[in-house]
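Number of protein chains: 2
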Amino acid sequence: MPRARQLLISRESLKTSATRTVIQHVLSRLREIGIADIFGVPGDFAFPVNDAICLEPGMRWVGCCNELNATYAADGYARIKGVGAVCTTYGVGELSALAGIAGAYAEHLPLFHLVGMPNISVQAGRALMHHTLGNGEFDLFYRMTQPVVCSQAILTPQSVVFETERLIAEALYHRRPVYMAFPADMANQPVLGAQQAPSSPPRSDPASLAGAVDAILAALAPARTACVLPGILLARTGRRAAMQAVIDASNLPFATMFMDKSVLEEQQLAYVGMYDGALMNNDVRAFVENCDRVLTVGTLMSDFNTGAFTAQLEAKRVINISHHHTRVDGKSYANVELGDLLTALALRLPKRDWSRPAATAAEAPAGNGPDLITAAALYPRWANFLKPNDILIAETGTASMGLGFAKMPLGASFHNQTLWGSIGWATPASFGAAIAAPGRRVVLVTGEGAHQLTAQELCQFGRLGLRPVVFVLNNSGYLIERLLCKDPAIAYNDVAPWHYTELPRALGCDGWFTARVTTCGELDQALATAGEAGTGVYIEVVTDPYAASSLAMKLHDSMKTLYKS
Amino acid sequence: MPRARQLLISRESLKTSATRTVIQHVLSRLREIGIADIFGVPGDFAFPVNDAICLEPGMRWVGCCNELNATYAADGYARIKGVGAVCTTYGVGELSALAGIAGAYAEHLPLFHLVGMPNISVQAGRALMHHTLGNGEFDLFYRMTQPVVCSQAILTPQSVVFETERLIAEALYHRRPVYMAFPADMANQPVLGAQQAPSSPPRSDPASLAGAVDAILAALAPARTACVLPGILLARTGRRAAMQAVIDASNLPFATMFMDKSVLEEQQLAYVGMYDGALMNNDVRAFVENCDRVLTVGTLMSDFNTGAFTAQLEAKRVINISHHHTRVDGKSYANVELGDLLTALALRLPKRDWSRPAATAAEAPAGNGPDLITAAALYPRWANFLKPNDILIAETGTASMGLGFAKMPLGASFHNQTLWGSIGWATPASFGAAIAAPGRRVVLVTGEGAHQLTAQELCQFGRLGLRPVVFVLNNSGYLIERLLCKDPAIAYNDVAPWHYTELPRALGCDGWFTARVTTCGELDQALATAGEAGTGVYIEVVTDPYAASSLAMKLHDSMKTLYKS
Chain A
0 MPRARQLLIS RESLKTSATR TVIQHVLSRL REIGIADIFG VPGDFAFPVN DAICLEPGMR
60 WVGCCNELNA TYAADGYARI KGVGAVCTTY GVGELSALAG IAGAYAEHLP LFHLVGMPNI
120 SVQAGRALMH HTLGNGEFDL FYRMTQPVVC SQAILTPQSV VFETERLIAE ALYHRRPVYM
180 AFPADMANQP VLGAQQAPSS PPRSDPASLA GAVDAILAAL APARTACVLP GILLARTGRR
240 AAMQAVIDAS NLPFATMFMD KSVLEEQQLA YVGMYDGALM NNDVRAFVEN CDRVLTVGTL
300 MSDFNTGAFT AQLEAKRVIN ISHHHTRVDG KSYANVELGD LLTALALRLP KRDWSRPAAT
360 AAEAPAGNGP DLITAAALYP RWANFLKPND ILIAETGTAS MGLGFAKMPL GASFHNQTLW
420 GSIGWATPAS FGAAIAAPGR RVVLVTGEGA HQLTAQELCQ FGRLGLRPVV FVLNNSGYLI
480 ERLLCKDPAI AYNDVAPWHY TELPRALGCD GWFTARVTTC GELDQALATA GEAGTGVYIE
540 VVTDPYAASS LAMKLHDSMK TLYKS
Chain P
0 MPRARQLLIS RESLKTSATR TVIQHVLSRL REIGIADIFG VPGDFAFPVN DAICLEPGMR
60 WVGCCNELNA TYAADGYARI KGVGAVCTTY GVGELSALAG IAGAYAEHLP LFHLVGMPNI
120 SVQAGRALMH HTLGNGEFDL FYRMTQPVVC SQAILTPQSV VFETERLIAE ALYHRRPVYM
180 AFPADMANQP VLGAQQAPSS PPRSDPASLA GAVDAILAAL APARTACVLP GILLARTGRR
240 AAMQAVIDAS NLPFATMFMD KSVLEEQQLA YVGMYDGALM NNDVRAFVEN CDRVLTVGTL
300 MSDFNTGAFT AQLEAKRVIN ISHHHTRVDG KSYANVELGD LLTALALRLP KRDWSRPAAT
360 AAEAPAGNGP DLITAAALYP RWANFLKPND ILIAETGTAS MGLGFAKMPL GASFHNQTLW
420 GSIGWATPAS FGAAIAAPGR RVVLVTGEGA HQLTAQELCQ FGRLGLRPVV FVLNNSGYLI
480 ERLLCKDPAI AYNDVAPWHY TELPRALGCD GWFTARVTTC GELDQALATA GEAGTGVYIE
540 VVTDPYAASS LAMKLHDSMK TLYKS
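Protein chains in written order, with numbering that gives the first Met the number 0: chain A, 0 to 564; chain P, 0 to 564.
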């Protein structure tokens with residue numbers, strides 16, 4: 000009987016070996032965790048990987064113009080689907096993707112970076128191949144990527160089964176990118192070795208979890224006032240519903256910081272507004288900072304999340320709930336999983352009549368008809384344009400600083416690369432989001448300076464028949480830089496003057512609605528048409544070079560002080 | 000007397016300290032070695048560097064759309080001027096440039112990469128700043144760049160004088176990029192410490208040099224046949240004239256390999272043609288490989304330089320002259336500088352009546368009038384279009400493979416990224432070349448797939464009133480990949496269909512001559528107009544998806560054999 004059983008296992012593993020290659024094994028596992036589209040640029044060392052992606056059932060190759068754009072697209076996709084993947088070739092391709100991989104690391108997005116390498120024999124022979132530095136060294140790029148991924152491996156027939164499980168587990172545990180390299184002569188070889196069950200999701204230490212829950216309950220019980228700062232990691236880890244259940248059960252109010260915007264539904268009574276330190280919304284600041292207890296849940300107290308470090312949260316009031324540990328009253332609870340903790344809190348927190356500040360009404364749009372488009376005219380109009388379930392991709396810069404304070408409609412989500420802050424991200428990220436959510440409307444808002452970094456990726460919307468709404472803010476250069484540098488008019492803040500509305504058609508986005516608007520009346524008309532267009536939409540909004548949102552002006556004022564000192 | 004002298008030195012160093020900042024010192028030294036234009040994208044951590052570039056006398060900030068493009072532009076500039084520089088901001092900017100820096104390393108171009116960093120105090124405090132990974136680590140990007148630069152430093156008031164001299168010396172010794180980082184709070188501080196004389200150029204070891212010269216003379220004396228393979232390092236090190244003097248003095252014939260094309264004037268009797276192993280020009284191959292002696296001078300026997308390793312140079316016949324050492328008959332001569340050796344050879348090599356193969360006539364263009372544009376129609380027409388002193392930037396792919404076998408007019412130069420081979424390089428590199436040589440005509444030839452990676456940089460030509468001639472080969476995808484992969488029609492070889500001729504205008508290149516040509520007659524007409532246009536020119540050449548140059552077809556044939564086996 001034992002012998003027969005062993006035979007059965009051997010036969011099974013033999014079958015696996017004979018029927019599945021290294022790359023096929025990886026792709027089927029990525030498919031199982033939710034990746035149906037892989038963004039990339041092909042290349043000769045990556046052909047076996049490129050081929051396999053095109054041939055894998057349920058998977059699609061999504062070609063991009065260049066590797067950085069492909070990585071940003073995968074980033075946008077992962078913001079919607081939870082995971083994403085990008086495929087590049089050796090050296091030239093993978094290095095071009097690095098800034099995007101680093102962005103995914105900073106912003107906690109588990110991207111799988113699939114890289115095609117030269118044959119093992121070529122590497123061993125130190126051959127002088129193209130796409131190398133000509134020095135016979137083949138591990139340099141592997142090493143260069145190490146600081147911006149949470150794990151990496153070169154996959155062979157012997158290692159692919161266990162390495163794939165390890166890398167998936169690492170990517171999901173840390174919500175960070177991983178790097179998977181495929182030597183061209185290995186990718187199509189049959190897998191050697193038996194299948195392996197996927198790693199279980201991490202479990203909490205029961206005693207530590209119970210301790211953390213008790214400590215939080217004990218800390219909140221005597222508090223007269225309290226609030227939650229729900230963070231972006233809730234979205235990244237798929238715990239938004241668990242967090243909402245805590246809000247519903249406890250009646251706790253919440254505010255959000257910039258990077259965390261829209262992680263919970265803003266159309267609810269519990270939402271008190273955006274908290275940005277002393278820079279904006281003084282009523283929200285006063286409320287949050289005077290609460291007896293503040294629960295930060297998966298947030299990061301970075302410069303742009305704290306109003307340039309003007310947030311003043313007294314350490315002893317903060318209950319810090321992180322991805323894998325919790326800290327209350329100076330005591331750390333390790334190995335406490337965010338989801339487990341939230342589930343327990345939803346069950347055990349008493350519902351109370353927590354106080355909250357009155358909600359402030361949204362500002363009405365300024366200006367009319369022939370009036371020029373000021374910030375006060377523009378941002379409220381953009382806010383009003385948004386519809387339920389929209390995906391808003393807001394580029395780093397003055398535009399996102401304005402939109403970050405708009406109240407999102409039901410089900411709509413706001414996305415911004417707040418920590419990494421690499422301009423150019425938004426245009427390809429909006430393409431990736433559109434691929435991830437073909438049933439939702441994608442709205443891209445970008446400044447022209449940022450748009451110019453990656454604008455060619457617009458062509459993919461046209462190629463695939465997708466219909467985004469794109470707003471390009473033409474304010475004659477890099478406005479946020481004008482506001483932050485010494486001499487606003489210095490040459491480096493200028494950009495080349497494009498005829499933006501001619502761009503979609505040049506890039507093959509035929510039949511789109513395009514408009515260039517310079518007055519409030521033209522903007523109103525364009526917004527009305529855009530809302531009903533049924534095609535892709537591209538609107539160039541022309542403003543004064545210094546028409547800046549409030550937050551941008553606040554940052555400008557703090558810089559002025561700096562330069563005077 | 001000694002005391003007075005010491006005082007004098009102190010006063011001098013004090014004066015230096017008071018009048019020049021860290022960044023000003025670096026810029027003035029870069030200016031002295033020939034850099035008048037710095038390409039880049041500004042960013043807040045780099046403002047002090049950006050400001051100083053704009054204000055430095057004799058120096059110009061050349062803004063680009065993104066950092067990779069800026070680096071490629073600096074690469075193109077350095078191919079003309081010998082040195083180049085690119086400026087980026089911390090993290091997001093510098094990582095986006097890495098693939099271009101690696102390309103400059105592979106292709107032996109001394110680029111100075113100036114990077115703005117956060118303040119030292121911010122770094123020491125491990126602050127959670129934008130453009131970081133949010134983990135308080137600030138040296139990661141510095142470490143990531145290490146494999147693709149020959150040296151690097153973080154510049155402070157104390158270190159800037161000696162570090163600048165060291166980095167300049169390293170960049171020029173290795174002809175490789177270097178990395179110079181400027182913490183924002185250090186860049187504008189006055190230099191501390193006295194001026195330092197620039198390092199002297201490296202000198203040869205006299206005995207080693209004499210030994211190498213004697214050995215070469217001894218090796219050539221009994222040879223009945225010999226030839227030179229002059230390499231790209233002659234251009235990189237400014238030794239083209241010294242090499243030409245050797246050819247003139249000795250009457251030795253020469254052939255060139257792909258990466259080395261046009262390093263010596265092709266319009267001379269000594270030139271026997273392109274040597275590409277067994278793939279092309281069988282007469283040149285037979286001559287070179289049967290010579291009793293072959294002098295390789297600053298070449299690299301890489302895959303694309305050797306007809307995919309089909310070159311069969313018998314090791315014992317090869318005299319290998321490198322940048323800093325020479326090897327003859329199994330003996331190495333270290334510390335022999337290329338320039339010193341060439342100067343000595345020009346003086347001592349006897350003039351002989353060396354045999355050479357008869358030159359082959361250029362092929363006449365095929366096709367006429369309504370005929371479609373085949374490879375036989377296209378490449379000879381492009382060759383005929385070239386004029387003396389043109390700078391031809393040929394993108395990696397089928398287009399450069401065809402143009403590489405055209406004979407260049409007097410003074411015209413051919414540029415290709417043969418070793419690194421990163422598609423997308425050519426469009427921004429042609430912009431950099433145009434900045435470096437405003438008096439010469441720049442001709443860019445690129446495939447559409449490669450063009451799409453970096454096409455937005457065209458806008459800079461328009462912005463600065465430059466007038467390149469751009470040819471975009473529209474063959475419905477990545478042709479070289481169709482020829483090299485298993486299934487030519489597989490989806491990843493397709494690219495988005497752009498309306499190419501509308502692109503220059505959308506990007507602000509107003510008034511350019513644009514044309515889309517599909518027949519030989521249209522092509523002839525467009526070439527005639529382009530030659531006289533007096534404006535920027537952008538011609539989309541439409542061919543069959545499989546219209547490939549001979550070399551590309553040879554590579555295709557060798558792949559077919561591979562996939563059948």
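Every residue gets a Cβ at the ideal spot worked out from N, C-alpha and C, and that includes glycine. Keep in mind the model is a prediction, meaning the values are calculated, not measured.
Item: Any C-beta of chain P under 9 angstroms from that of residue 311 (chain A); Value: no
Item: Within chain A, partners of residue 162 (chain P) - CB distance below 7 angstroms; Value: The premise fails here: residue 162 (chain P) is roughly 23 angstroms from chain A at the closest Cβ pair, so nothing lies under 7 angstroms.
Item: Residue-chain proximity (residue 301 (chain P), chain A), Cβ-Cβ < 9 angstroms; Value: yes
Item: Inter-residue spacing [alpha-carbon to alpha-carbon] between residue 554 (chain A) and residue 278 (chain A); Value: 8 angstroms
Item: Among P:353, P:110, P:237, P:539, nearest to residue 286 (chain P) - alpha-carbon criterion; Value: P:353
Item: Length of the line joining the Cα atoms of residue 390 (chain A) and residue 441 (chain A); Value: 5 angstroms
Item: Segment limits, beta strand (DSSP E) that includes residue 116 (chain A); Value: 110–116
Item: Alpha helix (DSSP H) segments (min. 4 residues) lying fully within the segment 305–378 of chain A; Value: 337–347
Item: Interface flag, residue 470 (chain P) vs chain A, CB-CB below 9 angstroms; Value: no
Item: 9 angstroms Cβ cutoff, residue 549 (chain P) in contact with chain A; Value: no
Item: Beta-carbon proximity of residue 506 (chain P) to residue 495 (chain A), cut-off 9 angstroms; Value: yes
Item: Within 8 angstroms of chain P by C-beta, residues of the segment 104–118 of chain A in sequence order; Value: 104, 105
Item: CA-to-CA distance, residue 535 (chain P) to residue 526 (chain A), given in whole angstroms; Value: 36 angstroms
Item: Proximity below 9 angstroms, CB of residue 181 (chain A) to CB of residue 139 (chain A); Value: no
Item: Among P:218, P:336, P:290, the one whose alpha carbon lies nearest that of residue 328 (chain P); Value: P:218
Item: Inter-stretch contact at 8 angstroms, needing at least 3 Cβ pairs: the segment 243–262 of chain A / the segment 376–386 of chain A; Value: no
Item: Where the alpha helix (DSSP H) containing residue 175 (chain P) begins and where it ends; Value: That residue, residue 175 (chain P), is in no alpha helix (DSSP H); it is neither H nor E in DSSP.
Item: N- and C-terminal bounds of the alpha helix (DSSP H) containing residue 433 (chain P); Value: 425–435
Item: Nearest-angstrom beta carbon gap, residue 283 (chain P) and residue 356 (chain P) [assumed within contact, 8 angstroms]; Value: 7 angstroms
Item: Distance between residue 37 (chain A) and residue 517 (chain P) (C-alpha atoms, nearest Å); Value: 34 angstroms
Item: C-alpha distance - residue 326 (chain P) paired with residue 424 (chain A), whole-angstrom precision; Value: 50 angstroms
Item: Segment contact, 8 angstroms Cβ cut-off, at least three pairs: the segment 331–348 of chain A with the segment 310–323 of chain A; Value: yes
Item: Interface flag, residue 101 (chain P) vs chain A, CB-CB below 9 angstroms; Value: yes
Item: Burial state of residue 524 (chain A), where buried means 16 or more other Cβ atoms lie within 10 Å; Value: exposed
Item: Cβ neighbours of residue 422 (chain P) in the same chain (closer than 7 angstroms, five flanking residues each side left out); Value: 394, 395, 396, 448, 449, 452
Item: Meets three-Cβ-pair contact criterion under 8 angstroms: the segment 143–159 of chain A and the segment 19–31 of chain A; Value: yes
Item: Contacting residues, own chain, Cβ-Cβ under 6 angstroms from residue 481 (chain P) (five flanking each side not counted); Value: 487, 492
Item: CA-to-CA distance, residue 176 (chain A) to residue 427 (chain A), given in whole angstroms; Value: 18 angstroms
Item: Which residues DSSP lists as bridging residue 441 (chain A), in chain order; Value: A:390
Item: Three-state secondary structure (DSSP) of residue 414 (chain A); Value: strand
Item: Proximal residues to residue 429 (chain A) (C-beta, below 7 angstroms), its chain only, five neighbours per side dropped; Value: 75, 392, 441, 443, 467
Item: Members of the segment 461–494 of chain A near chain P, C-beta cut-off 8 angstroms; Value: 461, 462, 477, 480, 483, 484, 485, 486, 489, 490, 491, 492, 493, 494
Item: Residue 474 (chain A) in three-state terms, based on DSSP; Value: coil
Item: Residue environment, residue 66 (chain P), which counts as buried when at least 16 other CB atoms sit within 10 Å; Value: buried
Item: Nonlocal neighbours in the same chain, by C-beta distance under 7 angstroms from residue 595 (chain P), ignoring five residues either side; Value: Residue 595 (chain P) falls outside the range modelled here, since chain P spans only 0 to 564, and no answer is possible.
Item: Residue-chain proximity (residue 434 (chain A), chain P), Cβ-Cβ < 9 angstroms; Value: no
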